[in-house]
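Input: a single structure, listed below in structure tokens.
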Amino acid sequence: MAGKLVPIVAWNSKGRFPKVGAFLERSSVEMGAMDVAASILQRVRKQGDKAVVAAAKKFDGSCVTAQTMRVSEAEIQTARQLVDDDFKRAAKEAHKRIKLFSKKSLRDDWTMPTPKGGVLGERFIPFDRVGAYIPGGAAPLASTALMTLTLAKVAGVKELLACSPAGKDGSLNPYIIYALDLAGATEIYKIGGVHAIGAMAYGTESIKKVRKIVGPGGPYVTAAKRQVYGDVALDMVAGPSEIAVLCDGSANPVHMAADLLSQAEHGTGSEKSLLVTTSVKLAQQIRAEVLQQSKTLMRTGLIRDVMEKGMLIVSVKSLSEGIELCNRFAPEHMELVVKKPEKWVPKILTAGALFVGPYTPEAVGDFVAGPSHVLPTGGTCHYFSGL
Numbered sequence: 002m003a004g005k006l007v008p009i010v011a012w013n014s015k016g017r018f019p020k021v022g023a024f025l026e027r028s029s030v031e032m033g034a035m036d037v038a039a040s041i042l043q044r045v046r047k048q049g050d051k052a053v054v055a056a057a058k059k060f061d062g063s064c065v066t067a068q069t070m071r072v073s074e075a076e077i078q079t080a081r082q083l084v085d086d087d088f089k090r091a092a093k094e095a096h097k098r099i100k101l102f103s104k105k106s107l108r109d110d111w112t113m114p115t116p117k118g119g120v121l122g123e124r125f126i127p128f129d130r131v132g133a134y135i136p137g138g139a140a141p142l143a144s145t146a147l148m149t150l151t152l153a154k155v156a157g158v159k160e161l162l163a164c165s166p167a168g169k170d171g172s173l174n175p176y177i178i179y180a181l182d183l184a185g186a187t188e189i190y191k192i193g194g195v196h197a198i199g200a201m202a203y204g205t206e207s208i209k210k211v212r213k214i215v216g217p218g219g220p221y222v223t224a225a226k227r228q229v230y231g232d233v234a235l236d237m238v239a240g241p242s243e244i245a246v247l248c249d250g251s252a253n254p255v256h257m258a259a260d261l262l263s264q265a266e267h268g269t270g271s272e273k274s275l276l277v278t279t280s281v282k283l284a285q286q287i288r289a290e291v292l293q294q295s296k297t298l299m300r301t302g303l304i305r306d307v308m309e310k311g312m313l314i315v316s317v318k319s320l321s322e323g324i325e326l327c328n329r330f331a332p333e334h335m336e337l338v339v340k341k342p343e344k345w346v347p348k349i350l351t352a353g354a355l356f357v358g359p360y361t362p363e364a365v366g367d368f369v370a371g372p373s374h375v376l377p378t379g380g381t382c383h384y385f386s387g388l
């Protein structure tokens with residue numbers, strides 16, 4: 002069985018190796034999810050709270066009602082008490098860095114005189130109300146709360162709404178509540194899935210519609226976001242997480258294997274991890290490390306799915322050839338671990354986020370570096386950028 006996991010193949014740009022070409026092809030939306038999402042959205046649009054509560058019960062097993070779906074101030078206070086101090090320190094540090102980076106990204110109003118004495122210019126006006134979707138599921142993404150609403154707060158958005166699925170008891174993960182409160186959320190709702198997207202896009206009796214929806218989700222949330230586009234603005238339509246690593250013989254195989262696995266454990270089983278290297282010896286060492294390290298991780302079933310269907314190591318003749326391949330892949334995350342990386346950085350044109358050097362793991366960007374981890378996937382880095 003191990004022979005089928007994490008294959009190593011050679012590549013050239015003439016397309017003689019169909020395995021590589023097939024790996025590069027993927028979509029941000031699973032078409033089978035579109036009809037399901039459309040049906041739920043239609044019910045939410047027509048029935049409002051009633052449809053949202055029914056969907057929460059059906060899909061999440063949640064007992065939330067129209068009266069209890071909004072997180073109360075008492076629940077926020079309780080979350081502050083339940084969250085451990087280590088998480089609080091980490092969240093505050095991440096929040097500080099995200100704010101600093103976001104402020105640097107702000108665009109300033111400007112004007113210019115015209116030859117005839119007129120004035121032209123641009124103003125940048127924030128939305129009045131933005132909604133963030135925060136995934137729950139296998140791993141509640143408290144980090145996404147910081148990576149979405151913090152940016153909206155810095156941009157000057159006044160009303161910051163968030164939706165995240167509740168558990169069967171109707172409660173929301175306290176770490177998500179804490180992170181949302183830290184990021185500046187003014188309203189938090191204990192609903193997830195397509196029905197949450199519908200509530201934010203169209204509004205219900207309890208939830209006022211937003212102007213823009215941001216944040217990642219699973220295939221049904223992604224399908225729902227695609228269908229509400231035009232009724233509301235979106236950040237992007239993003240699919241399963243992905244990483245590409247381009248390295249030469251100087252890279253540490255232990256580190257490279259860990260970085261490939263960092264995306265494989267996200268939880269859907271559809272993630273993509275691509276490693277491209279100029280060293281056949283290193284490729285073999287990395288594959289062995291991936292197989293060994295995967296045995297020590299918690300989500301072995303999901304990780305094994307990715308190792309079998311979504312993880313590939315490709316040997317190339319040169320870094321130029323490797324960059325050509327990575328630019329075609331257009332990954333959500335890309336690591337560049339080579340000697341003299343500054344020579345190659347300008348040639349990388351289609352990565353959502355680029356991590357440069359042997360000690361810049363992608364996980365740092367996902368949690369604490371500063372840029373938002375809400376990034377385009379599925380090859381859409383060819384024409385979309387991150388939040």
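Last residue of the sequence shown: 388 in our numbering, with the numbers rising by one and none dropped.
We treat Cβ as the ideally placed atom computed from N, Cα and C, and that holds for glycine.
So, for residue i: in the same chain, excluding its five sequence neighbours on each side, which residues have a beta-carbon less than 6 Å away from its beta-carbon?
| i | result |
| --- | --- |
| THR187 | GLU160, LEU161 |
| LEU376 | GLU333, GLY353, ALA354, GLY387 |
| ALA133 | THR149, LEU150, ALA163, VAL215, GLY216 |
| HIS374 | MET148, ASP367 |
| VAL233 | ALA202, ILE214 |
| ARG27 | GLY379 |
| SER274 | ILE244, LEU261, GLN264, ALA265, MET312 |
| VAL255 | GLU290 |
| ARG71 | TYR190 |
Quick one, which of the options has its alpha-carbon nearest residue i's?
| i | options | result |
| --- | --- | --- |
| GLU333 | ILE314, GLN264, LYS341 | GLN264 |
| TYR190 | ARG124, LEU173, LYS273 | LEU173 |
| THR351 | CYS327, PRO362, VAL357 | CYS327 |
| PHE60 | PRO166, MET312, GLY185 | PRO166 |
| THR69 | ILE192, PHE102, THR381 | ILE192 |
| SER295 | VAL195, LYS318, MET257 | MET257 |
| LEU42 | VAL53, MET32, TRP111 | VAL53 |
| VAL238 | GLU31, ASP129, LYS5 | GLU31 |
| SER251 | GLY171, LYS47, ASP110, LYS340 | LYS340 |
Based on the DSSP secondary-structure assignment, which residues constitute the bridge partners of residue i?
| i | result |
| --- | --- |
| MET213 | Inspection of the sequence shows that residue 213 is occupied by Lys rather than by Met. Per DSSP, VAL131, ALA234. |
| SER63 | DSSP output for SER63 lists no bridge partner at all. |
| GLU188 | LEU162 |
| MET113 | LEU121 |
| CYS382 | DSSP output for CYS382 lists no bridge partner at all. |
Between residue i and the rest of its own chain, which residues show a CB-CB distance below 7 Å, the 5 nearest in sequence each way excluded?
| i | result |
| --- | --- |
| PRO127 | ALA156, GLY157, VAL158 |
| LEU298 | LEU262, GLU266, ILE304 |
| GLY371 | ARG98, ILE99, LEU101, PHE102 |
| HIS77 | As written in the sequence, residue 77 is Ile, which differs from the His given in the question. Counting only Cβ-Cβ distances below 7 Å, and skipping sequence neighbours, we find ILE178, ASP182. |
| LEU142 | ILE135, PRO136 |
| GLU309 | LYS5, LEU6 |
For the beta strand (DSSP E) that contains residue i, what are its first and last residues?
| i | result |
| --- | --- |
| GLU31 | Neither: GLU31 is in no beta strand (DSSP E) and is coded neither H nor E. |
| GLY122 | 120-123 |
| CYS164 | 160-164 |
| SER274 | 273-278 |
Taking 8 Å as the limit between beta carbons, can you name the residues of its chain near residue i, skipping five residues before and five after?
| i | result |
| --- | --- |
| ILE324 | LEU247, TRP345, LYS348, ILE349 |
| GLU94 | VAL369 |
Quick one: give me the first and last residue of the alpha helix (DSSP H) that residue i is part of.
| i | result |
| --- | --- |
| THR297 | Here THR297 belongs to no alpha helix (DSSP H), and DSSP marks it neither H nor E. |
### Query
Quick check: the region 34-45 against the region 218-231, are there 3 or more CB pairs under 8 Å?
Yes, since at least three Cβ pairs between the region 34-45 and the region 218-231 fall closer than 8 Å, the two stretches touch.
### Query
Do the region 174-181 and the region 192-209 touch if we need at least three Cβ pairs shorter than 8 Å?
Judged by Cβ distances under 8 Å, the region 174-181 makes no contact with the region 192-209, as fewer than three pairs qualify.
### Query
Does the region 233-248 come close enough to the region 357-376 to have 3 or more Cβ pairs within less than 8 Å?
Remark: three or more beta-carbon pairs, one from each stretch, lie closer than 8 Å, so the region 233-248 and the region 357-376 are flagged as touching.
### Task
Mind the definition here: the region 57-77 touches the region 333-343 only if three or more C-beta pairs lie below 8 Å; say whether that holds.
Judged by pairs of C-beta atoms under 8 Å, the region 57-77 does not touch the region 333-343, as fewer than three such pairs exist.
### Query
Is it a yes or a no for the region 117-124 touching the region 87-98, going by three-plus beta-carbon pairs under 8 Å?
Fewer than three beta-carbon pairs drawn from the region 117-124 and the region 87-98 are found closer than 8 Å, and the two stretches are therefore not classed as touching.
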